[in-house]
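Written below as structure tokens is the structure these notes are about.
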Amino acid sequence: MAAVAEQQTLNSKNPYLQGMYAPVAHEATCLELPVTGEIPADIHGSYVRNGPNPQRAPGAMHHWFDGDGMMHAVYLENGRAEYRNRYVRSQDFIDDTAGTCRVGGVMEPATLERSPKVYKDTANTDVILHNGQLMALWYISGHPVRIDPRTLEAMGEESFGGKLPRHVSAHSKTDPRTGEFLFFDYALYEPNMSCGVVGANNELQSFQTIDLPGPRLPHDMAFTENYFVLHDLPVVFTEQALRHHQWSIEVADQPTRFGVVPRSGRGNVQWFETDPCYIYHVINAWEEGDEIVMLGCKMVPNTHADGSAFGPYKNMVEVLALNAVPCEWRMNLRTGKCRARVLDDAIGEFPAINLSAGGLRNRYAYVQSIAPENTLKFDGIYKYDFFTGDKTLYRYEKGVFGSEVAFAPRIGAVDEDDGYILCFCIDEASQTSELRIWNAKAIEDGPVARVHLPERVPAGFHATWADASEWVGR
Ligand SMILES: [Fe+2]
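For reference, each letter of the sequence shown is one residue, going 129 to 602 in the numbering used here.
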């Protein structure tokens, strides 16, 4: 009994199991949702968001990133809305439910010697649309899980006809022009990174391994019309991690490097060095003359989070309270030099763009404003215009926090911002959630629709807009 009480005390110290982060107990379907305002009739598809939702109270140290994946979606058609939430049924989730999963979370010792699989693959991090269906992706690099964009039914792990040689990381991406899936993965074992291309027809087209000086912890990648841009960041696994296979990382005294890799799978990696920095999320990248231009959120020292009230979770709390500013890196393929330039001083992360601009020069981005609190909360949305340098801000009411937005192009859209942005919001006091929808051309005017959801949607990770025009079987 003492152990149970001890674990309950430990769980109560973890802020990412309480309040707006607490898991929900049910998978729900709600086909008629009340709305304040008017849902635009000129979008058709699903706003879908992935995130952690532990199905049982943790029995050990628990990282926010460990929770079982749960997808939440609102399907919109002709001004009407449906809500669903479903667990992401990865193989480890299925095994765990059956009591046969032998691996746990990142704060527990990993159990398998030199194995590609040392932690429970929850596929809880990211969600993208490829080949007419969703794929749930995991940040440690795992097996993508195919999911129906309307029903959220999981259709099993995707191996691309058994040809996927390794794993796939979150933030692998779909090229909107070719329909190709551009993927990367990283690992504790050598070679420490790989990347490849799966065609719009779901067949593996190319695959290559990338040599690094050692295992790294990247989080994202970028692509242009002809290249991948892979990240070698100065966050590395400690000696202890390598010896004992535990999740233990440190900041190393070394530059940040970007590896520009031909998408064709032929040709060498060209590496570019820049000042040491960590980047969780890329905004976009494109080609411009001799240069590859990448926009992303560059981490800066965190001054707002104090984790001391959270006991053994102090470090986790302080690391998760993101602090980043938008930055541009220009890599010159001829000279081999990289120039970095901070674009703004507003603290923001979880950037989103109109996905049809992916790999080409984009004008706009929608970035979540990070609240100056101990845990990760989004208190507003910045819309950046990179052509004029302007930004506009929508600020939530006090006590209301958003999630990553997705951009939904209006049917018949002409301009890059001709459409809507959408995200889930939580009112901390009432523990209720809404899907809010803004006209992307005027977010400062506030939402055009607030769709009231039947239950709270816990704070989570990444979202996408799955346009119904791209679904299989329509
Ligand atoms: Fe991410």
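For every residue, glycine included, the Cβ atom is placed at its ideal position computed from N, Cα and C.
Separation of residue j from residue i, as counted between CA atoms
i: Arg538; j: Gly227; result: 46 angstroms
i: Gly342; j: Glu318; result: 8 angstroms
i: Pro429; j: Val600; result: 44 angstroms
i: Phe351; j: Met422; result: 9 angstroms
i: Leu504; j: Tyr441; result: 14 angstroms
i: Gln135; j: Gln146; result: 15 angstroms
i: Gly307; j: Asp434; result: 44 angstroms
i: Asp339; j: Asn320; result: 6 angstroms
i: Tyr203; j: Leu159; result: 9 angstroms
i: Ala485; j: Pro151; result: 34 angstroms
i: Asn213; j: Leu483; result: 24 angstroms
i: Thr463; j: Leu292; result: 35 angstroms
i: Gly517; j: Val495; result: 14 angstroms
i: Leu461; j: Tyr215; result: 44 angstroms
i: Met427; j: Asp403; result: 12 angstroms
i: Arg242; j: Arg371; result: Residue placement at Arg242 is flagged as unreliable, the pLDDT there being 48, under the threshold of 50; the coordinate-derived value follows with that caveat. One C-alpha to the other measures close to 10 angstroms.
i: Asp220; j: Ser297; result: 16 angstroms
i: Trp266; j: Phe193; result: 10 angstroms
i: Val388; j: Ser558; result: 48 angstroms
i: Asp196; j: Pro182; result: 5 angstroms
i: Phe386; j: Asp360; result: 6 angstroms
i: Glu572; j: Arg523; result: 8 angstroms
i: Val528; j: Arg564; result: 12 angstroms
i: Phe438; j: Tyr149; result: 15 angstroms
i: Leu358; j: Pro162; result: 44 angstroms
i: Ala577; j: Ala209; result: 11 angstroms
i: Ser376; j: Cys466; result: 30 angstroms
i: Leu521; j: Ala493; result: 12 angstroms
i: Ala536; j: Ala449; result: 28 angstroms
i: His271; j: Ser287; result: 7 angstroms
i: Arg274; j: Ser322; result: 21 angstroms
i: Phe335; j: Ala315; result: 15 angstroms
i: Ala133; j: Leu488; result: 54 angstroms
i: Arg391; j: Val379; result: 30 angstroms
i: Asn142; j: Cys455; result: 32 angstroms
i: Gly508; j: Pro362; result: 30 angstroms
Residue i Cβ short of 8 angstroms to ligand 1 heavy atom set
i: His409; result: yes
i: Tyr267; result: yes
i: Asp313; result: no
i: Thr253; result: yes
i: Phe589; result: yes
i: Ala452; result: no
i: Ala298; result: yes
i: His347; result: yes
Cβ-based burial, residue i [other Cβ within 10 Å; buried from 16]
i: Lys526; result: exposed
i: Phe400; result: buried
i: Asn329; result: exposed
i: Lys301; result: buried
i: Glu236; result: buried
i: Thr157; result: exposed
i: Met199; result: buried
i: Pro500; result: exposed
i: Gln261; result: buried
i: Asp543; result: exposed
i: Phe515; result: exposed
i: Arg305; result: exposed
i: Gly290; result: exposed
i: Asn396; result: exposed
i: His590; result: buried
i: Asp418; result: exposed
i: Glu367; result: exposed
i: His295; result: buried
Heavy atom of ligand 2 within 8 angstroms of residue i beta-carbon
i: Lys301; result: No copy of ligand 2 occurs in the structure displayed; its ligands are ligand 1 alone.
Open item on the list: When you compare the stretch 160-171 with the stretch 474-487, are there three or more beta-carbon pairs, one atom per stretch, that lie closer than 8 angstroms?
Closed with: Contact between the stretch 160-171 and the stretch 474-487 is not established, with fewer than three Cβ pairs separated by less than 8 angstroms.
TODO: Could you name each continuous beta strand (DSSP E) segment of 3 residues or more that falls completely within the stretch 453-534, going from the start of the chain to the end?
DONE: For the stretch 453-534, whole beta strand (DSSP E) runs of length 3 or above, ordered along the chain, are 466-470, 476-480, 492-498, 506-513, 518-523 and 528-530.
Open item on the list: Count Cβ pairs between the stretch 183-194 and the stretch 255-263 that sit closer than 8 angstroms; are there 3 or more?
Closed with: Flag = no, the stretch 183-194 and the stretch 255-263 do not touch.
Open item on the list: Could you check whether the stretch 549-561 touches the stretch 579-586, counting it as contact only if at least three pairs of C-beta atoms, one from each stretch, sit closer than 8 angstroms?
Closed with: Verdict: yes, contact present.
Open item on the list: Going residue by residue through the stretch 403-452, where are the continuous beta strand (DSSP E) segments of at least 3 residues, counting only ones entirely within it?
Closed with: List check, beta strand (DSSP E) in window: 407-416 and 419-427.
Task: Minimum length 3: unbroken beta strand (DSSP E) runs contained in the stretch 202-262 - done: Listed in chain order, the complete beta strand (DSSP E) runs (minimum 3 residues) inside the stretch 202-262 are 208-215 and 254-258.
- [ ] Pick out the complete alpha helix (DSSP H) segments inside the stretch 348-395, 4 residues or longer, and give them in chain order.
- [x] Runs of the alpha helix (DSSP H) inside the stretch 348-395: 367-372.
- [ ] Can you check the stretch 271-348 for any beta strand (DSSP E) of at least 3 residues that lies completely inside it and give the ranges in chain order?
- [x] Runs of the beta strand (DSSP E) inside the stretch 271-348: 273-275, 282-285, 309-314, 321-326 and 332-338.
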